[in-house]
Structure formats: structure tokens, C-alpha cells
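Protein chains: 2
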Amino acid sequence: MEFSEHIKTANVEDVVLRQPLHPPGRGALCITGHHLLFSDREDQSGSQVLLLLRNIDAIEKSVENLLGYSSLFSFADHGEKRSGSSGTITIKCKDLRVLQIDIPSMEQCLNIAHSIETLSNLDSVPEMYPFFYRPSDQSCESQWGLSTPEQFFRETKGLTSLWRLSTVNRDYSVCPSYPPSVIVPKCIDDGTLKKVAKFRQGGRFPVLCYYHQKNGMVIMRSSQPLIGANRKRCGEDERLLQAVIGSSDKGYIIDTRSSQQSQQARMTGGGFEPKSCYSSWRRLHRHMEKGKTLQESLIKLVEACGDESHNMDRWLSKLENSKWLSHVQTALSTAGLVAECVERDGHSVLVHGSEGSDSSLLISTLSQLIMDPSCRTLEGFLCLLEREWVQAGHSFQQRCAHSAHSHARLQQESPVFLLLLDCVWQLWRQFPLALGFSEALLWKLATEAYASNYGTFLCNNEKERYVLGVKEKTFCLFRALLRPMDREVYSNPLYEPTDLAIWPSVHPQSLQLWRGFFLRWTPHSRHLEEAQEEIRNMIIEWGKLSPSR
Amino acid sequence: MEFSEHIKTANVEDVVLRQPLHPPGRGALCITGHHLLFSDREDQSGSQVLLLLRNIDAIEKSVENLLGYSSLFSFADHGEKRSGSSGTITIKCKDLRVLQIDIPSMEQCLNIAHSIETLSNLDSVPEMYPFFYRPSDQSCESQWGLSTPEQFFRETKGLTSLWRLSTVNRDYSVCPSYPPSVIVPKCIDDGTLKKVAKFRQGGRFPVLCYYHQKNGMVIMRSSQPLIGANRKRCGEDERLLQAVIGSSDKGYIIDTRSSQQSQQARMTGGGFEPKSCYSSWRRLHRHMEKGKTLQESLIKLVEACGDESHNMDRWLSKLENSKWLSHVQTALSTAGLVAECVERDGHSVLVHGSEGSDSSLLISTLSQLIMDPSCRTLEGFLCLLEREWVQAGHSFQQRCAHSAHSHARLQQESPVFLLLLDCVWQLWRQFPLALGFSEALLWKLATEAYASNYGTFLCNNEKERYVLGVKEKTFCLFRALLRPMDREVYSNPLYEPTDLAIWPSVHPQSLQLWRGFFLRWTPHSRHLEEAQEEIRNMIIEWGKLSPSR
Chain A
247 MEFSEHIKTA
257 NVEDVVLRQP
267 LHPPGRGALC
277 ITGHHLLFSD
287 REDQSGSQVL
297 LLLRNIDAIE
307 KSVENLLGYS
317 SLFSFADHGE
327 KRSGSSGTIT
337 IKCKDLRVLQ
347 IDIPSMEQCL
357 NIAHSIETLS
367 NLDSVPEMYP
377 FFYRPSDQSC
387 ESQWGLSTPE
397 QFFRETKGLT
407 SLWRLSTVNR
417 DYSVCPSYPP
427 SVIVPKCIDD
437 GTLKKVAKFR
447 QGGRFPVLCY
457 YHQKNGMVIM
467 RSSQPLIGAN
477 RKRCGEDERL
487 LQAVIGSSDK
497 GYIIDTRSSQ
507 QSQQARMTGG
517 GFEPKSCYSS
527 WRRLHRHMEK
537 GKTLQESLIK
547 LVEACGDESH
557 NMDRWLSKLE
567 NSKWLSHVQT
577 ALSTAGLVAE
587 CVERDGHSVL
597 VHGSEGSDSS
607 LLISTLSQLI
617 MDPSCRTLEG
627 FLCLLEREWV
637 QAGHSFQQRC
647 AHSAHSHARL
657 QQESPVFLLL
667 LDCVWQLWRQ
677 FPLALGFSEA
687 LLWKLATEAY
697 ASNYGTFLCN
707 NEKERYVLGV
717 KEKTFCLFRA
727 LLRPMDREVY
737 SNPLYEPTDL
747 AIWPSVHPQS
757 LQLWRGFFLR
767 WTPHSRHLEE
777 AQEEIRNMII
787 EWGKLSPSR
Chain B
247 MEFSEHIKTA
257 NVEDVVLRQP
267 LHPPGRGALC
277 ITGHHLLFSD
287 REDQSGSQVL
297 LLLRNIDAIE
307 KSVENLLGYS
317 SLFSFADHGE
327 KRSGSSGTIT
337 IKCKDLRVLQ
347 IDIPSMEQCL
357 NIAHSIETLS
367 NLDSVPEMYP
377 FFYRPSDQSC
387 ESQWGLSTPE
397 QFFRETKGLT
407 SLWRLSTVNR
417 DYSVCPSYPP
427 SVIVPKCIDD
437 GTLKKVAKFR
447 QGGRFPVLCY
457 YHQKNGMVIM
467 RSSQPLIGAN
477 RKRCGEDERL
487 LQAVIGSSDK
497 GYIIDTRSSQ
507 QSQQARMTGG
517 GFEPKSCYSS
527 WRRLHRHMEK
537 GKTLQESLIK
547 LVEACGDESH
557 NMDRWLSKLE
567 NSKWLSHVQT
577 ALSTAGLVAE
587 CVERDGHSVL
597 VHGSEGSDSS
607 LLISTLSQLI
617 MDPSCRTLEG
627 FLCLLEREWV
637 QAGHSFQQRC
647 AHSAHSHARL
657 QQESPVFLLL
667 LDCVWQLWRQ
677 FPLALGFSEA
687 LLWKLATEAY
697 ASNYGTFLCN
707 NEKERYVLGV
717 KEKTFCLFRA
727 LLRPMDREVY
737 SNPLYEPTDL
747 AIWPSVHPQS
757 LQLWRGFFLR
767 WTPHSRHLEE
777 AQEEIRNMII
787 EWGKLSPSR
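These protein sequence lines map, in sequence, to chains A and B.
All letters in the first sequence, in the order written, are residues 247 to 795 by the numbering used here.
All letters in the second sequence, in the order written, are residues 247 to 795 by the numbering used here.
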């Protein structure tokens with residue numbers, strides 16, 4: 247496909263751009279296959295705005311005719327070209343920015359709008375910008391990704407005695423959403439794994455994702471067992487989970503659905519591990535919202551944040567009504583429960599819901615951050631995300647296809663990864679010294695997951711990335727974030743490593759709206775952000791002077 | 247009166263004390279005329295808890311008989327002395343702490359409770375602790391208070407040309423709630439002031455509280471004019487306000503009541519400045535809650551903060567329902583309006599509601615903080631509080647007689663000063679570099695206003711302080727806060743003075759619950775406070791190393 251066929255008007259002069267936190271600018275607008283470029287003609291410093299079209303979540307068009315009346319109209323009006331009118335395009339970005347472009351000619355306005363709508367919604371991965379992006383600094387070219395399952399296996403001390411690296415999935419045939427290598431109990435052979443995979447939704451058989459050095463306990467994750475209405479059993483699955491327990495007395499299954507939901511799942515072929523067949527495992531249910539419910543929660547929250555009514559009661563009521571903070575609370579308290587099982591009580595844990603690629607990853611990631619100091623450095627945290635989200639098969643392409651502004655055509659969208667980042671921010675706020683990365687990293691990741699120059703968040707799993715050659719043809723975000731200049735921005739100058747677990751408070755009174763992200767484009771946040779930046783710089787400068795650091 | 251007649255049991259052994267953020271302790275309890283003292287017998291470090299009885303807002307007693315049933319009972323049960331029972335006293339402090347004391351003998355429990363109830367509610371000012379307190383460090387003995395109206399008049403540049411210091415109130419006969427000297431227009435003589443005082447509620451005639459150096463505009467404050475149902479006029483009052491305007495075109499009256507309320511006030515003899523008689527003044531109404539409504543708001547907020555249901559929706563709903571943040575928003579936006587009139591539009595302002603000693607002081611204080619850099623240092627802020635609250639006649643004794651826990655006998659209580667401190671905290675949070683004092687200062691002031699070793703917040707006005715010899719017989723809190731050791735604690739290590747006005751955002755999304763105060767006794771706030779203390783110390787240490795600071 248040629249991008250040019252979607253671009254009827256590539257350049258428009260005399261356009262006015264309104265964007266948050268800046269005065270309006272007048273200049274030239276240019277649309278390319280992947281970008282919207284605005285060059286300010288009046289600003290002497292030649293400032294530009296370069297926006298990835300992929301970052302655009304939704305647009306609204308309005309025309310103003312010569313009488314000065316303004317009207318919103320749908321795309322169906324395209325045919326009617328009123329001369330003598332100008333138009334305005336409101337651009338709502340996935341990073342929650344809202345821009346406005348006034349275009350002097352209505353025809354040009356409609357052409358531009360059409361190009362944006364089409365090009366921002368392209369589904370074909372190889373046409374996306376990461377396949378075209380060539381950074382001027384080539385230092386991240388050396389290697390794609392930070393670590394592999396093999397490296398993780400080698401570097402995790404104590405793992406080799408009872409666990410092994412299986413390559414049963416080397417051609418992605420056993421589980422398309424798993425990486426080629428996974429860690430399983432040593433005594434379970436590949437033949438058994440293949441049988442277990444058939445008994446778990448999407449082939450996601452139980453694999454190790456965390457080994458707790460202090461007591462040898464582990465966190466496993468999987469999808470739901472396919473017991474169905476007839477309570478089907480799978481001896482291999484039971485044996486695998488028994489092997490996880492080993493000689494210890496029992497383990498915990500944390501099911502991220504309510505007890506009722508997991509019962510109902512049997513009607514569609516899914517289900518849970520019955521006590522009778524998995525006697526060493528105790529099942530606990532913690533209902534976590536996902537999918538559409540979570541997406542709607544985000545939409546409501548963002549709508550509330552944009553409310554300009556100046557009414558305190560209305561704001562608090564909308565915030566409550568969005569339920570977003572309830573989801574944050576549930577995620578953190580479920581992760582705390584897992585960490586309690588492993589760290590305090592000394593039991594292994596299996597986490598799953600139905601598919602095992604959303605809430606399960608959220609919980610396993612957060613509980614590792616709570617327990618494991620090595621996940622809390624900048625590099626350690628990025629490795630954790632790579633392992634638990636990219637390699638573990640979170641469907642970024644589906645889940646992050648749209649953000650909070652696009653009400654239409656929502657199908658598989660769900661802000662699970664954003665919810666993770668919010669929970670990490672809550673940890674970061676509650677333990678300002680314990681995490682090695684900055685809030686800016688969390689903003690950055692929240693933006694990049696939706697639209698990026700890099701290939702890291704492309705596709706839904708490693709198989710798709712392999713088929714499309716993502717690792718050969720794109721650059722890796724995580725590598726880029728570790729370049730010296732970036733490392734300074736994304737590090738926490740106050741970081742003081744601690745070996746202790748960091749137990750988050752999940753009292754409703756302790757959890758706060760992540761203002762830095764959800765309100766970052768509102769003017770009233772700006773001077774605060776500037777002040778915090780100044781504090782940060784002071785601390786960095788002073789830190790350099792101090793001999794003890 | 248002898249305190250001892252209220253103390254039937256002065257000492258009890260084998261008492262268990264439960265207090266927030268500490269493990270329970272076992273030891274001896276002692277009640278004196280002003281204190282509750284607990285000495286931990288098990289703690290090797292000999293830790294003690296010394297609590298001012300004045301800090302106790304309410305107590306609850308419960309007895310546990312030998313069968314283990316626990317029952318709350320009222321004080322009327324006093325006569326019935328069940329032997330073989332033990333008792334528990336729950337102590338709810340004005341600083342929002344909640345303590346529990348288990349006492350082995352029920353009779354002793356009832357005696358202790360009776361002493362606490364009586365001694366914590368003594369009304370007689372000369373019997374209060376500040377009259378007995380003798381600090382070991384006598385350095386604050388030299389002078390009582392930081393500044394006088396005379397000093398303020400002398401030190402405010404530009405003031406002497408059009409304004410004068412009047413001592414018409416030197417014997418407090420013109421206005422019992424004003425200090426002996428006040429600043430008024432030069433052309434208005436004392437005879438006129440006396441007549442104006444008769445036309446203003448409580449004699450609070452318009453006086454200058456702020457002179458804006460940049461343009462010579464001023465903030466005046468007063469109480470409401472007594473126009474009554476017959477629309478009485480007072481030529482002297484009209485002349486005084488005309489003199490304030492001088493040659494400029496107009497001034498603004500910010501009435502802290504709704505238009506309807508100020509109309510209704512005429513029925514009880516009060517009212518507002520009618521346009522026809524004060525043609526140079528434009529009246530704006532900004533309805534601010536005070537009195538009982540504000541008190542109930544605080545009670546609801548504190549109740550919400552203590553809710554342990556772990557339910558996010560319920561918490562947000564209770565927070566909204568308390569309306570506390572709405573009051574914060576209204577206060578900050580009204581103060582912003584005053585500052586806009588003075589700084590941006592170049593007009594003088596008169597602020598009043600009905601009595602002129604609550605909301606008016608809140609607004610005049612906040613607008614000075616917004617506009618005037620000299621109020622933003624530690625010393626400048628304390629001077630501002632001394633001028634606008636202590637000398638200006640805020641009824642601390644009535645308003646702060648009880649805090650959020652005492653539901654009974656509430657009469658004149660109202661947390662206006664606490665609302666001020668919350669608003670200042672919002673400014674402090676939005677402008678982390680612009681204020682020279684620390685959050686700890688705001689906590690300290692919020693506590694001291696309700697119960698203190700110092701005489702600063704005793705009585706309702708300067709006349710009462712004079713009559714009781716407060717300034718001769720007690721020590722001054724503000725002086726104590728400026729001693730070198732205290733100064734370090736109460737200063738902001740990041741302070742970078744700015745000459746600009748600091749305009750607070752009053753978007754509901756920008757205002758936050760003052761967690762540091764309202765949730766400071768909850769365990770989940772503690773590690774956060776510790777971390778912030780550590781950050782503070784790092785910054786102080788690094789600041790000392792940096793040659794540029």
C-alpha cells in the first residue's frame with residue numbers, strides 16, 4: 247500500500263494550532279504517512295510539533311461558515327464542500343493530549359481529517375512507523391531486548407536444582423502466546439507439557455515467572471483449566487502442579503475472577519482447579535475487572551479529568567463513579583496477597599484468571615515489585631516488563647489499539663498495562679526511595695504502549711513478532727531508555743536500595759489519583775511539574791556534590 | 247480552685263496504653279492538673295507519653311466484667327461500682343489522635359475518666375496550662391509576640407503618606423475585638439472612627455490590613471454595616487470608605503455571604519453597603535460557609551478518614567459528602583478574586599461578612615500570601631498570622647474549644663483557622679519552592695491552636711489577653727518557633743523566594759485532601775512520613791554542601 251493514496255492534501259499553510267500548555271501558533275501543517283507535522287512560522291525559534299498519527303485516538307471536525315456559526319458534523323457530510331468556510335479539527339491523542347487545528351479552507355480541512363482518520367487506524371503492523379524509524383543514535387542497534395528466558399533462567403540463583411528450561415514451544419506450536427523457552431518443574435517432561443497445554447486455555451500451561459530466593463517458593467502463572475461442564479480432569483496438569491508444591495505442604499491458587507465467575511466459566515469450557523483433584527492447592531478468588539469494564543472505567547476517568555465545571559462535588563462524584571481507583575486498590579491488594587503467601591507464609595502461588603494474559607500479568611508483576619529488590623532498579627524494572635508483558639504475551643496490539651477517547655469500534659481494548667503503571671506509581675509514591683526509576687519513566691511507558699517509534703509494544707505476542715521480523719526490522723524501546731542521556735531522565739535520584747519487601751498500603755485513604763499522568767495536560771498541573779523538575783535537578787546536583795553518594 | 251479536688255485517683259499501675267503508630271505499652275498512668283502522663287515500665291528506654299488534658303476532645307468509657315462482655319456506658323452509671331471489672335477509656339484528641347487506656351480496676355477507671363472529663367473542659371483561662379508552663383530554654387522570654395501594629399505601620403513603605411495609625415481603641419472601648427492601634431485613612435479623625443464603629447457590628451470599623459507596594463492599593467476588613475430593615479445610613483462610614491478609594495475610580499467589596507444572606511441580615515439589624523450610598527464601591531458576593539456548617543464538615547471528614555471499611559467508593563463518597571474540599575476551594579478562589587482585584591486590576595478591596603472575624607480573616611490572609619512575598623518566609627508567615635488572627639480578634643477560645651470528636655455542647659466552635667492552614671497547605675503543595683516554611687509548621691499550628699503550652703492562642707481577642715495578663719504570664723508560641731533548633735524544623739529547605747504572585751489553581755482536580763494532617767495518625771501514612779523526613783534531611787545535607795546555596 248502507498249500511504250500517498252490516503253493523502254489528498256499534504257500541506258496547508260496558515261493553520262492555527264492550539265495545544266495544551268502552549269500559546270496558539272500559526273504556521274504550516276504537513277501530513278506524511280506516519281506523522282502530523284506543524285511548523286510555527288511566527289515563532290523565531292522555529293518550533294515544531296511532530297505527532298505520530300498512531301497517537302491519535304479520535305478526531306472531531308467542525309466547520310465554521312462565513313456567518314460564524316459553528317457546527318459539528320459527521321464524516322458522512324464529506325461530499326458537501328461548502329466554499330468560503332473554514333474548519334477545525336479537534337485531535338484527541340492516546341496520551342490524553344487534546345489539540346485543535348484551525349484550517350482556512352474547508353476542503354483542505356476535510357482532506358486532512360480523512361487522512362488522519364485513515365492513517366491513524368492502519369491495522370497492518372509492517373506499515374507502522376517502528377518499521378521505518380531509524381534513530382540518529384544507532385547505539386541501540388546492537389541487540390533487541392534486554393534479556394531472554396535463557397538468561398533469566400541462568401541468572402536466577404537456586405533455580406537449576408528443581409527447575410528446567412523447556413523449549414517445547416520453540417516453534418510456538420504448543421502455545422502461540424508463550425515465548426520459545428519457558429521454565430517448568432525439572433521432573434515434568436515436554437510430552438507432559440504438551441498434554442497440559444491442551445488442558446489450558448490458549449495452551450497457556452503453568453510456567454514459573456518468579457523464584458523467591460529467600461525460601462525457594464515460586465509464582466507460577468497460566469490460563470484457566472478447561473474442565474468444562476463435565477468436570478474433565480487432566481492427570482498431567484495435576485502432576486505438574488503437584489511437582490510445583492514438591493515437599494512443602496500446600497500452595498495457593500489466586501484466581502482473578504470471583505468464585506461465581508469461575509463456576510460460570512465451566513459453561514463455556516473453562517473453569518477452575520477443583521479441590522478434589524488438586525488437594526494440595528487452596529484456591530482464593532479475587533475478582534478483578536478487565537476488558538470492557540476497565541476500558542469504560544478509563545473513559546469515565548478521563549472524561550472526569552477534563553470536566554471544567556469547577557464543581558468540587560461533581561469532580562469527586564465523577565472520580566468515584568469511574569471506579570478507576572477501586573481497580574487500582576483491587577490490583578494492589580491482590581498482589582499484596584500473593585506476596586504474603588510467598589514471602590510471609592512461605593507458599594508457592596499459581597495466578598490465573600481466564601486467559602492468563604491480562605490480570606494475571608498485572609498481579610505477578612506487582613507482587614515481584616513488592617518482594618524482589620532486583621526488580622526495582624531502572625534496568626530491573628524494564629526487564630520485568632519485558633519478561634512479564636512482552637514475552638509473556640500481553641496482547642498490546644489489541645489492548646492498546648485505542649485509549650480513552652475513541653468510543654467507537656472498541657473490541658479488544660483494555661487499559662490493563664496502564665492500570666499496572668498506575669499501581670506502580672502508587673508504590674513509587676508510597677516508597678519514594680525504594681524504586682530506582684522516575685515518574686517520567688511511567689509517563690513514557692504509558693505513552694509508548696499506545697504509539698511508539700519503537701517495536702517493543704508491537705504485536706500481541708512473540709510469535710507474531712517473529713513472523714513479522716519485528717526484532718530485526720525495528721528498534722527496542724527498553725534499550726533506548728537505558729542510553730546514558732535517557733538513563734538520567736528515567737532514574738530516581740533519591741533511590742536507596744532496600745532488601746525488604748515494600749508492602750503497599752491499600753487503604754482507600756492511601757491511594758491517590760495519578761495526577762501526573764491523568765492531569766498532566768491541564769494547565770494547572772504545569773507549574774507544579776516545573777517546580778518538581780527544578781527540585782529534581784537540585785537533588786541531582788546536590789547528589790553529585792555529596793561524597794557519600 | 248484546686249485541681250486536686252478533681253483528682254480522686256492520681257496514679258494507676260499496670261495500665262495498658264494503645265496509641266497509633268506504636269506497639270501497646272504497659273506501665274503507670276498519672277493524672278495531674280494539666281497532663282496525662284504514661285510511663286512505660288517495660289520499655290528499657292523509659293519512654294513516656296505526656297498529653298495535655300486540654301488536647302482531649304472527648305472520651306468514651308467501656309467496662310469489661312469478668313464474663314468478658316464489654317459495654318459502653320454513660321457517665322450516669324458512675325455510682326454503680328462493679329467490683330472485679332476492668333475498664334477502657336478511649337481518648338479522642340483535638341489533634342485527631344485516638345488513644346486507648348485499659349485500666350485494671352473499674353473504680354480507678356471511672357475516677358480517671360471523671361478527672362479527664364472535668365480537667366479537659368475547664369473554662370477559666372488563668373487556670374490553663376500556659377499560665378504554668380516554664381520552658382527550660384528561656385530564650386523566648388524577652389518579648390511577647392513578633393510585631394505590633396505600630397511596627398507594621400512603620401515598616402510598611404509608602405503607607406505614611408495617606409494612612410495613619412489611630413489609637414482611638416487604646417482602652418478597647420471602641421472595638422473590644424480590635425488591637426489598641428489600627429491603620430485608617432489619614433483624613434479620617436478619631437471622632438469619625440467612633441461613629442463608624444457604632445455603625446459596624448461589634449464595633450469592627452474598616453481598617454487597613456494590607457498595603458500593596460506595587461500600586462498603593464489596599465485590603466481593608468471590617469464587619470457588616472448595621473443598616474437594618476430601615477436602610478439606616480452613616481455618613482461617616484461612607485466618608486471613610488470614600489477616603490479609601492481616594493482618587494482612583496472604584497473599589498470592590500467582597501462580601502463573604504451570598505447576596506440573599508446579606509439581604510436577610512437586615513432583618514436582624516445587619517446588612518450590606520447599598521450601591522446608592524457607596525457609589526464608588528462594587529459589591530461582589532462569595533458565599534463562604536462558617537460556624538456550625540464548617541464544624542460539621544470537619545466532623546464528617548474526620549469520620550471518613552477513620553473509616554476502616556477498605557471500600558474505595560465509600561471513602562470517595564464520604565469525602566465528597568463532607569464538603570471540606572469545597573470549602574477549601576471556595577476560600578482559595580475568593581482569596582484569588584481579592585488578589586486579582588488588587589494586583590491585576592489595581593483596585594482596593596474591603597472584605598467582610600457579618601462579624602468580620604472569621605471568613606474575612608481567612609480571605610485577607612490568603613490573598614496576602616498570594617500577592618506578598620514578604621509573608622511567605624517563616625517569620626513573615628508567623629507575623630501575618632499574628633496580625634490577621636491574634637491581633638485582629640479571631641475568637642480562638644470559642645472557635646477551638648472543641649475539635650472533630652466532641653459532638654456535644656458545640657456552640658461557637660468552628661474550624662476556620664484549620665481551614666486556613668489547609669488552604670495554605672494547598673498553596674504550599676502547588677508552589678513547593680515559593681514558601682519558606684515546612685508542612686511541619688502547619689501541623690504544629692493546627693495542634694497548638696487547640697491545645698498549647700503557649701499563651702498565643704488563648705482568649706478571643708487582645709482585650710481579653712490584656713485583662714488576664716496573658717503577655718506577662720505566658721510564653722509566646724511564635725517566638726518559640728523561631729528559636730534556632732525549631733527554625734530548622736519549620737523551614738523549607740527548597741525555599742527560593744520569588745517576587746511574583748503565586749496564583750493557586752482552584753480547579754477541583756488541583757485540590758487534594760491534606761493527608762499529612764488528616765491521615766497522619768493512620769499507620770499507612772507513617773512510612774511515607776518517614777521517607778519524606780529522610781528526603782528532607784538529604785536535601786538539607788546536600789544544601790549545606792552546595793556552594794551556591
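Cβ coordinates follow ideal geometry from the N, Cα and C atoms, glycine included.
Owing to the predicted nature of the structure, the values given are computational and were not obtained by experimental measurement.
For B:F377, would you say it is in contact with chain A, using Cβ-to-Cβ distances shorter than 8 Å as the test?
For this step, residue 377 of chain B is matched to residue 131 along the second sequence. Taking Cβ atoms only, chain A never reaches closer than 8 Å to B:F377, which makes this a no.
Using 8 Å for Cβ pairs, my map puts B:S332 next to B:I349. What's the rounded Cβ distance?
Counting from one through the second sequence, the residue named residue 332 of chain B turns up at place 86. Counting from one through the second sequence, the residue named residue 349 of chain B turns up at place 103. The pair is a contact, with the Cβ atoms about 6 Å apart (cut-off 8 Å).
Leaving out the 5 sequence neighbours to the left and right, which residues in its chain are closer than 6 Å to B:I465 when beta-carbon positions are compared?
The residue labelled residue 465 of chain B in the question sits at position 219 within the second sequence. Result list for B:I465: C455, Y456, V595 and S610, in chain order.
Less than 8 Å between CB atoms is the rule here; does B:M731 satisfy it with respect to chain A?
Start at 1 with the first residue of the second sequence, and residue 731 of chain B comes out as number 485. Closer than 8 Å: no.
Closest Cβ-Cβ distance between B:H556 and chain A: below 8 Å?
In the second sequence, counting from the first residue as 1, residue 556 of chain B sits at position 310. It does; some Cβ of chain A falls within 8 Å.
Taking A:Q338 as part of the beta strand (DSSP E), name the residues at either end of that continuous run.
Locating residue 338 of chain A in the first sequence gives position 92, counting from the first residue. Correcting the residue type first, residue 338 of chain A is Lys in the shown sequence and not Gln. DSSP places A:K338 in the uninterrupted beta strand (DSSP E) bounded by S332 to C339.
Does B:F378 pass the burial test, meaning 16 or more other C-beta atoms within 10 Å, or should it be called exposed?
Counting from 1 along the second sequence, the entry for residue 378 of chain B is found at position 132. With fewer than 16 Cβ atoms within 10 Å of its Cβ, B:F378 is classed as exposed.
What separation, rounded to the nearest whole angstrom, lies between the Cα atoms of B:K254 and B:Y418?
If you number the second sequence from 1, residue 254 of chain B lands on position 8. If you number the second sequence from 1, residue 418 of chain B lands on position 172. Each residue's Cα considered, the two are about 42 Å apart.
Hey, is A:L408's beta-carbon within less than 8 Å of any beta-carbon in chain B?
Translated into the one-based positions of the first sequence, residue 408 of chain A becomes position 162. Output row for A:L408: interface = no.
Could you check where the alpha helix (DSSP H) with B:V871 kicks off and where it finishes?
Here chain B has residues from 247 to 795 only, and residue 871 of chain B is not among them.
Three-state secondary structure (DSSP) at A:W207?
The structure shown does not extend to residue 207 of chain A, since chain A is modelled only from 247 to 795, so the question has no answer here.
Going along chain B, which residues have a C-beta under 8 Å from A:H651?
As a working note, residue 651 of chain A is residue 405 in the first sequence. None at all; the shortest Cβ gap to chain B is about 18 Å.
What runs of the alpha helix (DSSP H), each 4 residues or longer, lie entirely inside the region 460-490 of chain A?
none
Rounding to the nearest angstrom, what Cα-Cα distance links A:L299 and A:I362 in this structure?
Sequence index remark: in the first sequence, residue 299 of chain A carries index 53 (1-based). Sequence index remark: in the first sequence, residue 362 of chain A carries index 116 (1-based). Roughly 7 Å separates the two Cα atoms.
Which partner residues does B:E306 have in the DSSP bridge list?
Locating residue 306 of chain B in the second sequence gives position 60, counting from the first residue. B:E306 pairs with B:T336.
Where does B:F683 fall in DSSP's three states?
As a first step, residue 683 of chain B is located in the second sequence; it is residue number 437 there, counting from the start. In the structure shown, B:F683 sits in a strand (DSSP, three-state: E or B).
Expressed to the nearest angstrom, what Euclidean distance is found between the alpha-carbon atoms of A:D323 and A:C355?
Taking the first sequence and counting its residues from 1, the one referred to as residue 323 of chain A is at position 77. Taking the first sequence and counting its residues from 1, the one referred to as residue 355 of chain A is at position 109. Its pLDDT being 45, under 50, A:D323 is placed unreliably in this model, and the value from its coordinates should be taken loosely. Near 12 Å, if we compare the C-alpha coordinates of A:C355 and A:D323.
Since A:C551 meets chain B, which of its residues come closer than 9 Å, beta carbon to beta carbon?
By 1-based counting over the first sequence, the position of residue 551 of chain A is 305. Residues of chain B passing the Cβ test: Q755.
Hey, could you find the ends of the alpha helix (DSSP H) A:P395 is sitting in?
For this step, residue 395 of chain A is matched to residue 149 along the first sequence. Run containing A:P395: P395 to E401, per the alpha helix (DSSP H) assignment.
Let me know the alpha helix (DSSP H) ranges lying completely inside the region 582-638 of chain B, each 4 residues or longer, listed in chain order.
605-617 and 624-631
Just mark A:E259 as buried or exposed, buried being the case when its beta carbon has 16 or more other beta carbons within 10 Å.
Locating residue 259 of chain A in the first sequence gives position 13, where the first residue counts as 1. Result: exposed.
Looking at the structure shown, is B:E776 part of a helix, part of a strand, or coil, going by DSSP?
What you label residue 776 of chain B is simply residue 530 of the second sequence in a count that begins at 1. The three-state reading of DSSP puts B:E776 in helix, counting H, G and I together.
Taking any Cβ of chain B, which residues in the region 667-690 of chain A have a Cβ under 9 Å from it, in chain order?
R675, Q676, F677, P678, L679 and A680
Closer than 7 Å, Cβ to any Cβ of chain D: which residues of the region 560-587 of chain B, in chain order?
No chain D is part of this structure, whose protein chains are labelled A and B.
Which term fits A:H556, buried or exposed, when burial requires 16 or more other beta carbons within 10 angstroms of its beta carbon?
As a first step, residue 556 of chain A must be located in the first sequence, where it is residue number 310. Classification for A:H556: exposed.
Among the residues of its own chain, which have a CB less than 8 Å from the CB of B:W689, if the five just before and after it don't count?
The count along the second sequence starts at 1 and reaches residue 689 of chain B at position 443. Result list for B:W689: G762, F763 and R766, in chain order.
Terminal residues of the continuous beta strand (DSSP E) containing B:V453?
The count along the second sequence starts at 1 and reaches residue 453 of chain B at position 207. That run of the beta strand (DSSP E) goes V453 to Y457.
Taking 8 Å as the CB-CB cut-off, is B:E306 touching chain A?
Here residue 306 of chain B refers to the residue found at position 60 when the second sequence is read from its first residue. It does not: the Cβ of B:E306 has no partner Cβ on chain A nearer than 8 Å.
What's the call for B:N257, buried or exposed, on a 16-neighbour Cβ count within 10 Å?
Within the second sequence, residue 257 of chain B is the residue found at index 11, counting from 1. Exposed.
How would you list, in chain order, the residues of chain A whose beta-carbon sits under 8 Å from the beta-carbon of B:T744?
Here residue 744 of chain B refers to the residue found at position 498 when the second sequence is read from its first residue. Correct list: empty, because the minimum Cβ distance to chain A is about 11 Å.
From the DSSP output, in three-state form, read off A:E259 for me.
Translated into the one-based positions of the first sequence, residue 259 of chain A becomes position 13. The answer is strand: DSSP assigns A:E259 an E or B state.
Between B:S504 and B:L487, what straight-line distance do the alpha-carbon atoms span, to the nearest angstrom?
The residue you call residue 504 of chain B lines up with position 258 of the second sequence. The residue you call residue 487 of chain B lines up with position 241 of the second sequence. Answer to the nearest angstrom: the Cα atoms are 22 Å apart.
Look up B:L765 in the DSSP assignment and say whether it is helix, strand or coil.
Position 519 of the second sequence, counted from the first residue, corresponds to residue 765 of chain B. It is coil, neither helix nor strand.
If you follow the alpha helix (DSSP H) that A:R272 is part of, which residue opens it and which one closes it?
On the first sequence, residue 272 of chain A is found 26 positions in, with the first residue counted as 1. That residue, A:R272, is in no alpha helix (DSSP H); its beta strand (DSSP E) goes G271 to I277.
Flag B:T502 as yes if its beta-carbon sits less than 8 Å from any beta-carbon of chain A, otherwise no.
The count along the second sequence starts at 1 and reaches residue 502 of chain B at position 256. By this cut-off, B:T502 is not an interface position.
Give the straight-line distance between the Cα atoms of A:L345 and A:V548, rounded to the nearest whole angstrom.
If you number the first sequence from 1, residue 345 of chain A lands on position 99. If you number the first sequence from 1, residue 548 of chain A lands on position 302. Whole-angstrom Cα-Cα distance: 15 Å.
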